[in-house]
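Accompanying notes for the structure given below.
Residue numbers (my numbering): 242 to 772.
The structure is reproduced here in structure tokens:
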């Protein structure tokens, strides 16, 4: 017996395991001489990653808020019909034949306050999303080859730096369009590091069982970040638009430091392994006389031998291409609402009157609240049915009548608009949340990988990166179609939702067949066919 224990210790020391615990956790555990429980780590991971990605969205949302200060003449046109938009009379200065916004900060900010200012702001959005989408593929590739805690910290601090740098153009009196364009593009590069990292880290700590519901709740960070960004940026706008960018930049930088000092990226990094739920056990792996179970040693040896999955290999994982293309169209719909919904509300007669931009912005938050409910509901249903594809496809098909109802009956009164907008948000964001979280984590640990865990970030990046291309195209197309009519815009969105659902048809059929086989053969696995 003693010789067996000695051989285990000898094997353990020969592995030369590096202490990769974050500094704060190391101090706490070294002081207590005991490890934190597995559930404590899981809670810590959910909270820190939630705050992390919420601040990513805080910085992303602020740019849409400062547009009104940069280009206060929006909307403006020589042919602006004030009879169609009576509320504008309270905000427009019509002296000398010019149309400008009352209360604007020195008439806006050059070069965005000219006749082509709105187009320039659109170029910033498209450039940001295009670089973000492209950077996503490389970020996932790097994330599977680096310490995710360090990688995420670099991404957050870089995002904060360039967001603040955009705002500093206000104090340095910078009026060069290309300065803001380059800064936004560089911010997009660092922003792309966030999603693959946080999904991979959460996936490391949570098994497939219950993952849909947990990630559905966790995915509320997107809406929380959007709402927080709107409130913070709006509150600071009166002090100068630079503050609306600078302060959110500081916020994400601070949370980035929290990530570096607190966030454990995987159970193994803190001396545990997946499923170890002992609540009062000695620290594993980092005591003066360490002891590691044989299965944990084997797991460590396997991890050392694992190689990160290549980009092409990740595309070949069953289901990745289907979900990536589905998300292209699902995110096209979601991001069109993100960028255009307040504008659409302010230019739509609701209950016989037009709403101010501020009221329209506040009203649009009900879409985000619906998205929170949709994400949680989609995760819960997919867990109960053990059917990700069936759930995602069902939500995308329900999106079509939801969009039709909102366009056709949302104008009746404010309450009808809020109710239908909430329902639309629920069905639009439900599959979007499910695919970018639970599905990505499932596919990153697909059985075809034979236990190789180093594919999570790459798979997540492929799926969300492809979706982000759609996110860039949707708002761009909306700018063109809205000039024709808003009916054309909603037709485009409903068509995109239909295509998104159809792209999952093969996976839906596979899940149905697997369930039928499961009923016929009770001993068979109900989840042999993954998404």
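Virtual Cβ for every residue (Gly too), placed ideally from N, Cα, C. Remember, predicted model here, so these are calculated numbers, not experimental data.
Spatial neighbours of residue 408 in its own chain (CB-CB distance under 6 Å, excluding positions within 5 residues in sequence) are listed in chain order as 483, 486 and 487.
Rounded to the nearest whole angstrom, the C-alpha separation of residue 652 and residue 725 is 19 Å. Taking a contact as a CB-CB distance under 8 Å, the pair residue 436 and residue 701 counts as one, their CB atoms being some 6 Å apart. Assignment of residue 591 by DSSP, reduced to helix, strand and coil, places it in the strand class. Distance from the Cα of residue 588 is smallest, within the candidate group 739, 601 and 446, for 601. Cβ neighbours of residue 493 within its own chain (closer than 6 Å, five residues either side excluded): 296, 300, 397, 400 and 401. Judged by their CB atoms, residue 582 and residue 605 are nearer to each other than the 7 Å cut-off.
One alpha carbon belongs to residue 440, the other to residue 678, and they sit about 6 Å apart. Here the alpha carbon of residue 704 sits roughly 43 Å from the alpha carbon of residue 593. The alpha-carbon of residue 477 is positioned some 35 Å away from that of residue 379.
The DSSP-derived three-state label of residue 629 is helix. Residues 295, 298 and 299 of the same chain have their beta carbon placed closer than 6 Å to that of residue 466, with the five preceding and five following residues left out of the count. When the Cα atoms are used, residue 721 and residue 565 turn out to be separated by approximately 25 Å.
Your pair residue 616 and residue 660 does not check out as a contact, with CB atoms roughly 19 Å apart and the cut at 8 Å.
Between the alpha carbons of residue 608 and residue 572 lies a gap of roughly 15 Å. Note that the segment 496-515 does not touch the segment 410-428; fewer than 3 beta-carbon pairs, one per stretch, sit closer than 8 Å. In this structure, residue 613 lies near residue 461, with their beta-carbon atoms less than 7 Å apart. A check of alpha carbon separations from residue 427 across 390, 481, 475 and 369 identifies 369 as the nearest. Assignment of residue 386 by DSSP, reduced to helix, strand and coil, places it in the coil class. When the Cα atoms are used, residue 424 and residue 395 turn out to be separated by approximately 16 Å. Classified as exposed, residue 491 has fewer than 16 neighbouring CB atoms from the shown chains inside 10 Å of its CB.
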